[in-house]
Amino acid sequence: MKPIIVWFRQDLRLSDNPALAHAAKSGKPVICLYVLDDETPCDWKMGGASRWWLHHSLMALDKMLKGHLVLRRGRADTVLPAIIKETRADAVVWNRCYEPFAVARDTVLRTSLQAEGVAVASFNGALLFEPWEIATGAGKPYRVFTPFWNTLKAKTAPGLPQHAPKNIEFHDNVKSDTLESWRLLPTRPDWSKDFDWSPGEDGARSALDEFLDIISGYRHGRDVPGRTGTSRLSPHLHWGEISPRQVWQVVRAQAHNDGAETFLKELGWREFCHQLLFHNPALPAEPLDKRFASFPWRQDGAASRAWKRGQTGVPIVDAGMRQLWQTGWMHNRVRMIVASFLIKHLLVDWREGERWFWDTLVDADLANNAANWQWVAGCGADAAPFFRIFNPVLQGEKFDPGGAYVRRFVPELAEVADKFIHRPWDIPKNLGGPPAGYPAPIVDLALGRDRALAAFRTLARDRSPLKFPT
DNA sequence: TGAAATGTTGGGGCG
DNA sequence: ACGCCCCAACATTTC
Numbered sequence: 005m006k007p008i009i010v011w012f013r014q015d016l017r018l019s020d021n022p023a024l025a026h027a028a029k030s031g032k033p034v035i036c037l038y039v040l041d042d043e044t045p046c047d048w049k050m051g052g053a054s055r056w057w058l059h060h061s062l063m064a065l066d067k068m069l070k071g072h073l074v075l076r077r078g079r080a081d082t083v084l085p086a087i088i089k090e091t092r093a094d095a096v097v098w099n100r101c102y103e104p105f106a107v108a109r110d111t112v113l114r115t116s117l118q119a120e121g122v123a124v125a126s127f128n129g130a131l132l133f134e135p136w137e138i139a140t141g142a143g144k145p146y147r148v149f150t151p152f153w154n155t156l157k158a159k160t161a162p163g164l165p166q167h168a169p170k171n172i173e174f175h176d177n178v179k180s181d182t183l184e185s186w187r188l189l190p191t192r193p194d195w196s197k198d199f200d201w202s203p204g205e206d207g208a209r210s211a212l213d214e215f216l217d218i219i220s221g222y223r224h225g226r227d228v229p230g231r232t233g234t235s236r237l238s239p240h241l242h243w244g245e246i247s248p249r250q251v252w253q254v255v256r257a258q259a260h261n262d263g264a265e266t267f268l269k270e271l272g273w274r275e276f277c278h279q280l281l282f283h284n285p286a287l288p289a290e291p292l293d294k295r296f297a298s299f300p301w302r303q304d305g306a307a308s309r310a311w312k313r314g315q316t317g318v319p320i321v322d323a324g325m326r327q328l329w330q331t332g333w334m335h336n337r338v339r340m341i342v343a344s345f346l347i348k349h350l351l352v353d354w355r356e357g358e359r360w361f362w363d364t365l366v367d368a369d370l371a372n373n374a375a376n377w378q379w380v381a382g383c384g385a386d387a388a389p390f391f392r393i394f395n396p397v398l399q400g401e402k403f404d405p406g407g408a409y410v411r412r413f414v415p416e417l418a419e420v421a422d423k424f425i426h427r428p429w430d431i432p433k434n435l436g437g438p439p440a441g442y443p444a445p446i447v448d449l450a451l452g453r454d455r456a457l458a459a460f461r462t463l464a465r466d467r468s469p470l471k472f473p474t
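Counting from 1 along the first sequence, just add 4 to a position and that's the residue number in our numbering.
Below you can see the structure in the form of structure tokens.
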């Protein structure tokens, strides 16, 4: 019997994995393969934090496969034909990816494999619905979230998740790299020592279970960065350690509480972002709203560096940027604040923030990252209006009132009184003044706001309708 | 999934 | 007792 190859990509799990289930049912011996491709030129090479996650997730997957995971390095269109030749496999299955380069790669590969007589099948393992399954009455992709969401909800429920295959008959003795030889982990310095994550399918399940304990308070709790009020599922979902169908099914069962309802909407945003990228391959690189093509972004290396390092002198911004660097993740409320600060107060091109997040987030996801940066910049689909400029002081006082979040990540401010924790520059002289060792703000918040309004207003005067690439 | 400026209202101090 | 002013508190509008 000739073997079948399951090509793992962003679906590092056994349960509800349609490609794996298909292979296990086929009666053929199964080869579970992961290919690390550092060779194909790509604008979005996997970032450092992603590689850290991948290392641990592959280790977990290999354990669940009882050591049968095959690791190969190289171009997918070289590795797959090679391993097919070695093992005489006559079938390949995978779950679909939706990044433009992945779509292009997989389309070519499918054709060439089929031309060699290899059976190829692909499945939906990453989304509730395919990007082409939710369309307007005119058959076009949605550009506004709310009608997209209404249509998604009205569709018949996404398919029920499948159980992991009862037993898998593996095809043995396939050459494999060692994971260590891929050197996915950071060395000198080891910036991952404070990462507090459990990559892998079990870790994903635990994260979901822990979230279910607090989901009833999600609607408001999700906005408080000093406490755990969010699901922290994003990296697990990105790597496919848990499927959106699995999350949907469990959360849906609690739909009587508004927290569950609010959270399902976030899964909806994930779907929305993925269909946006699928239908707009330039989403990560070009503003959807073409009026932004000639926007006068400022080149300010010093400001960008201060932002990345969490040295802007604005507490909630610095706390967020340091949380990102230290833990590989940032609370969503704070992502909006730091993004607004970079784009509006500093007038730096959103793509610079997008790139930094791509390199530093363990949940870096091309679709979510690009769509959300465009959203904050005001050039994306269903975008925030240009005049919506977060005041980081007010946001801090509203969502981190006791300063617990700032104190945790900006130790220079740990002893500052609550009243001044989000504006240490206002600490009067007789109380000691601003703490030494913490920078003064790199931009005057009022001036920065006015400058952004002036710059963005010139765009708003251009009444030409939004032009989206077709 | 804002913030700031401006407008309105109503209670209380006080001449 | 009355009107005037002040100013929270809330509402509206503007960016």
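Ideal Cβ placement from N, Cα and C applies to all residues, glycine included.
What does the alpha-carbon distance come out to for the pair residue i and residue j?
i	j	result
A28	S61	21 Å
I138	V251	20 Å
F472	W354	Residue confidence for F472 is low, a pLDDT of 47 falling below 50, so the modelled location carries little weight and cannot support an answer.
F12	P285	23 Å
L451	N395	12 Å
A343	V380	7 Å
R427	I446	13 Å
L470	F276	Caution applies to L470, whose pLDDT of 49 falls short of 50 and renders its modelled position unreliable; the value that the coordinates give is listed next. Taking the straight line joining both Cα atoms gives about 18 Å.
I341	Q315	15 Å
M68	R453	52 Å
W201	R109	31 Å
A106	V96	16 Å
L2	M50	Here the chain has residues from 5 to 474 only, and residue 2 is not among them.
K70	M63	11 Å
G121	A93	10 Å
E205	L237	11 Å
Cβ atoms of residue j and residue i: under 7 Å apart, would you say?
i	j	result
L73	L65	yes
G244	R17	yes
L24	V10	yes
L350	G357	no
A418	H278	no
A53	T364	yes
A456	K312	no
D322	H242	no
R359	P229	no
D386	F149	yes
F361	Y102	no
Q327	F413	yes
G317	P443	yes
G272	W153	yes
G141	D15	no
Closest by CA to residue i, which one among the options?
i	options	result
N99	W362, S247, H426, L365	S247
R231	Y222, H167, P239, S238	Y222
K170	S238, R411, L281, N21	N21
L183	A93, G233, S196, W56	W56
A211	P193, W136, T234, S196	T234
Q166	L435, R226, F299, H26	H26
P203	G332, D422, R77	G332
R309	A459, V352, T140	V352
H260	R226, H224, H240, I219	I219
Just confirm the distance between the C-beta atoms of residue i and residue j, as a whole number of angstroms; I'd bet it's less than 8 Å.
i	j	result
T111	I35	Between I35 and T111 the Cβ distance is about 22 Å, and since that is not below 8 Å, they are no contact.
D47	R79	Contact flag wrong, Cβ pair sits at about 16 Å.
I425	G407	3 Å
When the Cβ atoms of the segment 112 to 128 are set against those of the segment 292 to 301, are three or more pairs found closer than 8 Å?
no
Can we say the segment 153 to 166 touches the segment 298 to 317, given the rule of at least three CB pairs closer than 8 Å?
no
With three or more C-beta pairs closer than 8 Å as the rule, is the segment 260 to 271 touching the segment 75 to 94?
No, the segment 75 to 94 does not touch the segment 260 to 271.
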